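Chains A and B are the protein sequences, given in the same order.
For the first sequence, full-length UniProt numbering assigns the number 1 to the initial residue and increments by one for each residue that follows.
For the second sequence, full-length UniProt numbering assigns the number 1 to the initial residue and increments by one for each residue that follows.
There are 2 protein chains.
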Amino acid sequence: MSRPKSRRELYSEATRAALLETATAMFAERGFARTSLDDIAVATQVTRGAVYHHFESKQAVFEAVFDALEQDMTARVSAAAAGQPDAWQAAMAALDAFLDLCCEDRYGRLCWLEGPLALGWARWMDYEKKYAFALIDGFLQAARAEGLLAPVPAPTSSELVFHLLGGAGRIIAEAQGADRRALRDDCAVTIRRMLNGMRA
Amino acid sequence: MSRPKSRRELYSEATRAALLETATAMFAERGFARTSLDDIAVATQVTRGAVYHHFESKQAVFEAVFDALEQDMTARVSAAAAGQPDAWQAAMAALDAFLDLCCEDRYGRLCWLEGPLALGWARWMDYEKKYAFALIDGFLQAARAEGLLAPVPAPTSSELVFHLLGGAGRIIAEAQGADRRALRDDCAVTIRRMLNGMRA
DNA sequence: GACGGTTACATACTCTGTGTACGTACACCG
DNA sequence: CGGTGTACGTACACAGAGTATGTAACCGTC
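Next comes the structure, spelled out in structure tokens:
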């Protein structure tokens, strides 16, 4: 384990965490483009120098925010899928957990709306290959292994499902407050039907 | 009809068209963010002043490019769907035409990859409501009217199909050259299956 | 407990690119 | 042929990202 941290290290970690917290809040509220590093710095009561000490660039700040949210998402969705009798039911449980998560401002807006805008599609997809796409591809491969899946082309079908779920995330994230639950349920119904079209 | 144009008007229209042409090419090749208005102006052998004379802003340039591509797409896809025996077969013909179009650099990259980055999701969606989404929603409503559709929630299911097709567009547009046709066909197969899940 | 080095920031500057205000030359119209 | 408007060109303002450098507090070492 890591040896006891010095006071300096603790302070440093605290400002870094504070920067990430305000960055998360402001990116979610006003979007990546409309939030300057100075905004983040001032709101955290430091200067832009501090930001550039802790992060390489504005994009790096977003990536740190983004990565944390995706890790949390992976953990929660995996937990929801655990202990289901077969791959298909696990996938459906995961789907419900995912759609719930999309109702939360930070995850829905940041990962599905702001993510591509901030990182560009290519880099955003690099991250997603580790997170959302990896989960989806895992479920589909498991379903295929259990003979539950119709013969659909392997990597492309996972990508399409990924984009379908991303679309759901965006629909939900763009709505406000109470509408979200209704949209979430509409998405759940429709997506289930569409995925059923892929069953054996 | 418009009266015969003066030489000045003709020149002006020509430079505007030239600006749109180089803008289309450069946005498709290097992306919206990495293309400056000066790049476009120089490549067209004018100055940024000319650009700002014809367009209100950089975003307005992109919108002009984008709108033209979407109009072309609407026309081509509608033509492909015309004269089919029922709504479902019309939709399938439209799907094939759409996926073909996504193989073309300008349409696929500009409308589905660069569009949201350049305009932001909200404004991009405003446009799409007039074009791709309108088409999709039209096909689904027709299918519903003909009793071909399972009871899926009306506006949301159209949006999900829209995002699904957008995902396909992105998958195809991000690939290079020869891969595209293979991916296009994989997408066609998978999407058909998923849409079949929505049939009555 | 003074001391040199390192860390965690602050300050000040550069650079790129958008947008804007204004200048100008040439085509049209009387 | 002189006035007017249009189609640009020129010059400048400004924001925000990134960089180079300064500095003060901390930390291990003797």
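The beta-carbon is built from N, C-alpha and C at its ideal position, and this holds for glycine as well.
No experiment lies behind these values; they were computed from the predicted model shown.
Member of the options whose CA lies at the smallest distance from the CA of residue i
i: A/Cys103; options: A/Val46, A/Arg181, A/Val65 and A/Glu70; result: A/Arg181
i: B/Thr74; options: B/Tyr11, B/Phe139 and B/Asn196; result: B/Phe139
i: A/Ala33; options: A/Arg8, A/Ala150 and A/Val61; result: A/Val61
i: A/Thr190; options: B/Gly83, B/Met194, B/Asp96 and B/Tyr127; result: B/Met194
i: B/Val65; options: B/Val152, B/Ala188 and B/Leu119; result: B/Leu119
i: A/Arg123; options: A/Ala97, A/Tyr11, A/Asp67 and A/Val42; result: A/Asp67
i: B/Arg199; options: B/Phe98, B/Gln45 and B/Ala142; result: B/Ala142
i: B/Leu20; options: B/Glu128, B/Ala175 and B/Val51; result: B/Val51
i: A/Gly197; options: A/Ala150, A/Met26 and A/Gly169; result: A/Ala150
i: B/Pro153; options: A/Trp88, A/Ala188 and A/Glu9; result: A/Ala188
i: A/Phe133; options: A/Ala145, A/Glu146, A/Phe98 and A/Gly147; result: A/Phe98
i: B/Asp96; options: B/His163, B/Trp121 and B/Gly169; result: B/Gly169
i: B/Arg30; options: B/Asp105, B/Leu164 and B/Trp121; result: B/Asp105
Assigned exposure category for residue i - 16 Cβ within 10 Å defines buried
i: B/Glu56; result: exposed
i: B/Lys130; result: exposed
i: A/Pro155; result: exposed
i: residue 204 of chain A; result: Chain A is shown only over 1 to 200; residue 204 of chain A falls outside these bounds and no answer can be derived.
i: A/Gly166; result: buried
i: B/Val161; result: buried
i: B/Ser6; result: exposed
i: A/Glu63; result: buried
i: B/Met47; result: Correcting the residue type first, residue 47 of chain B is Thr in the shown sequence and not Met. B/Thr47 should be labelled exposed.
i: B/Val42; result: exposed
i: A/Leu10; result: exposed
i: B/Glu13; result: exposed
i: B/Asp186; result: buried
i: B/Ala17; result: exposed
i: A/Gly177; result: exposed
i: A/Gly83; result: exposed
Residues bridged to residue i [DSSP beta-bridge criterion]
i: B/Arg199; result: B/Leu149
is_contact[residue i, chain B] using C-beta, thresh 7 angstroms
i: A/Ala42; result: Going by the sequence as given, residue 42 of chain A is Val instead of Ala. No, because no Cβ of chain B sits closer than 7 angstroms to the Cβ of A/Val42.
i: A/Thr35; result: no
i: A/Arg48; result: no
i: A/Pro85; result: no
i: A/Gly167; result: yes
i: A/Val61; result: no
i: A/Leu110; result: no
i: A/Met194; result: yes
i: A/Asp126; result: no
Residues near residue i in its chain [Cβ-Cβ closer than 7 angstroms; skip 5 each side]
i: A/Tyr107; result: Leu69, Met73 and Leu101
i: A/Ala94; result: Val77, Ala80, Ala81, Leu135 and Phe139
i: A/Ala173; result: Cys102, Gly108, Arg109, Trp112 and Leu113
i: B/Leu117; result: Phe32 and Ala33
i: residue 201 of chain B; result: Since the first residue of chain B shown is 1 and the last is 200, residue 201 of chain B is not available in this structure.
i: B/Gly115; result: Phe66 and Trp124
i: A/Phe27; result: Thr35, Phe62, Val65, Leu110 and Glu114
Neighbour flag for residue i against chain A, beta carbons, 7 angstroms
i: B/Leu157; result: Correcting the residue type first, residue 157 of chain B is Ser in the shown sequence and not Leu. Chain A contact via Cβ: present.
i: B/Ile171; result: yes
i: B/Thr190; result: yes
i: B/Trp88; result: no
i: B/Leu164; result: yes
i: B/Trp121; result: yes
i: B/Ser2; result: For B/Ser2, the predicted structure reports a pLDDT of 48, less than 50, and the residue's modelled location is therefore unreliable. The matter cannot be settled from this model.
i: residue 201 of chain B; result: Shown here, chain B extends from 1 to 200; a query on residue 201 of chain B therefore has no answer.
i: B/Leu113; result: yes
i: B/Met92; result: no
i: B/Met198; result: yes
i: B/Leu160; result: yes
i: residue 205 of chain B; result: Since the displayed chain B opens at 1 and closes at 200, residue 205 of chain B lies outside it and no answer follows.
i: B/Leu140; result: no
i: B/Asp137; result: no
i: B/Asp179; result: no
Contact set for residue i: own chain, Cβ-Cβ below 6 angstroms, skip 5 residues either direction
i: A/Ala91; result: Phe139
i: residue 201 of chain A; result: It is not possible to answer for residue 201 of chain A, since the shown part of chain A is limited to 1 through 200.
i: B/Ala23; result: Ile40, Val61 and Val65
i: B/Arg192; result: none
i: A/Tyr127; result: none
Beta-carbon proximity list for residue i, same chain, < 8 angstroms, skipping 5 on both sides
i: B/Asp179; result: none
i: B/Leu183; result: Ile171, Ile172 and Ala175
i: B/Thr15; result: Thr44, Val46, Ala50 and His54
i: A/Ala145; result: Ala87
i: B/Leu148; result: Asp86, Ala87, Trp88, Arg199 and Ala200
i: A/Ser2; result: For A/Ser2, the predicted structure reports a pLDDT of 49, less than 50, and the residue's modelled location is therefore unreliable. A value from the coordinates is still provided. The answer is none, since no qualifying residue turns up.
i: A/Leu164; result: Ile191 and Met194
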